[in-house]
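Chains as they are written, first to last, in the UniProt record's numbering: chain V, 1 to 114; chain B, 1 to 114.
2 protein chains.
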Amino acid sequence: MIAPPYQEDRSVLRDALFKALSDGTRRALLEYLVREGEQSVHALTAISGVSQPMVSRHLGKLKQARLVTARRAGRETYYTARAKGLAPVVQWMAVYGALWSQRFSALEGLGDGE
Amino acid sequence: MIAPPYQEDRSVLRDALFKALSDGTRRALLEYLVREGEQSVHALTAISGVSQPMVSRHLGKLKQARLVTARRAGRETYYTARAKGLAPVVQWMAVYGALWSQRFSALEGLGDGE
DNA sequence: GTATTGCATAATCAAAAGGTTATGAATAGG
DNA sequence: CCTATTCATAACCTTTTGATTATGCAATAC
């Protein structure tokens, strides 16, 4: 049986996402990909300040969190920032950030299953 | 000389914020504070699944990230979710989430699916 | 007064995470 | 074919981090 998007899968992804974003080097890599578009590991290593294996590992975590995608071309691998990757975080923020300031009014109408 | 809000201070706070949010137990504590409002350490310990010292330490990190405030009342300490605490993360997302969506929106659209 | 409750901190530990160098597998180029 | 490039993985080390129990200090209760 093929798995539908279980609640648990969602929370696992969300956790991987928050963890992926918690490291400054990873955020820098992601920011660079956003600004400059698709980049090879070689190019990312040049601007990262850490070793190439470390860049590969960081990219692996970003990929696992679905924040980037990888494209193999010959001996090079090109990574691209993934447009919708931050959506789960945005969703979380919508509930625990934005609604938060207007807690009393907003929660009444939502019935978020306390 | 009193320090104005230096760039470095900003990035330090932002880093503390992302790190604070990277742990599931801390997020659960924060979520509970958002939903239920001000709570004592005792009450938070009861729902957290970890020991009281651990709750205190998690709350300390949330406080350092400016996501909660503490109010001492007698021998109890009441913690409250801080409304504007997530602002730096929202700002970051505005740049590296929205900008990024814009770059690719023509190709991918904005839905939350695959 | 003494006992108890609520919280923070210290001491300690195991596991996770970030870093490195070394290695190996493909691909490209001479 | 031989060499160089690109990348991922392995082995290893150090620091950080999440967790525990033990302790100490205030404030409340008796």
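Glycine included, every Cβ here is placed at the ideal spot set by N, Cα and C.
It should be emphasised that the depicted structure is a prediction, and the values quoted were computed from it without experimental measurement.
Looking only at DSSP bridge pairs, what is residue i linked to?
i	result
B:THR80	B:THR69
V:GLN39	V:TYR79
Based on Cα-Cα distance, which residue from the options lies nearest to residue i?
i	options	result
V:ARG75	V:VAL41, V:GLU31, V:TYR32 and V:ARG26	V:VAL41
B:ALA62	B:LEU13, B:SER11 and B:ALA20	According to the sequence as given, residue 62 of chain B is Leu; it is not Ala. Checked all of B:LEU13, B:SER11 and B:ALA20; the closest Cα to B:LEU62 is B:ALA20.
B:TYR78	B:TYR96, B:SER56 and B:ASP23	B:SER56
Quick check: what's the CA-CA separation for residue i versus residue j?
i	j	result
V:ARG71	V:ALA28	20 Å
V:GLY60	V:ASP9	19 Å
V:TYR96	V:GLY49	34 Å
B:PHE18	V:ALA73	33 Å
B:THR45	B:SER11	31 Å
B:LEU99	V:ARG35	9 Å
V:VAL89	B:ILE47	24 Å
V:ALA106	V:GLN7	Confidence at V:ALA106 is low in this model, with a pLDDT of 42, below 50, so the placement of that residue is unreliable and no value is reported for it.
B:GLN91	B:ALA43	32 Å
B:VAL68	V:THR69	35 Å
B:ARG66	B:GLU31	15 Å
B:ALA16	B:GLN64	7 Å
V:GLY37	V:GLY24	19 Å
V:GLN39	B:GLN39	47 Å
Using beta-carbon positions only, say whether residue i and residue j come within less than 8 Å of one another.
i	j	result
B:LEU33	B:ALA83	no
B:MET54	V:LEU86	no
V:ARG26	V:HIS58	yes
V:SER22	B:SER22	yes
Say the cut is 7 Å; is the CB of residue i nearer than that to a heavy atom of the ligand ATP?
i	result
V:GLN39	This structure simply doesn't include the ligand ATP, nor any ligand for that matter.
Residues of the segment 60-80 of chain B whose Cβ lies closer than 7 Å to any Cβ of chain V, in chain order: none
Contact list for the segment 28-51 of chain B against chain V, Cβ threshold 8 Å: LEU30, GLU31, VAL34, ARG35 and GLY37
Chain-ordered residues of the segment 6-17 of chain B with a beta carbon less than 7 Å from chain V: Of all residues in the segment 6-17 of chain B, ASP15 have a Cβ within less than 7 Å of some Cβ in chain V.
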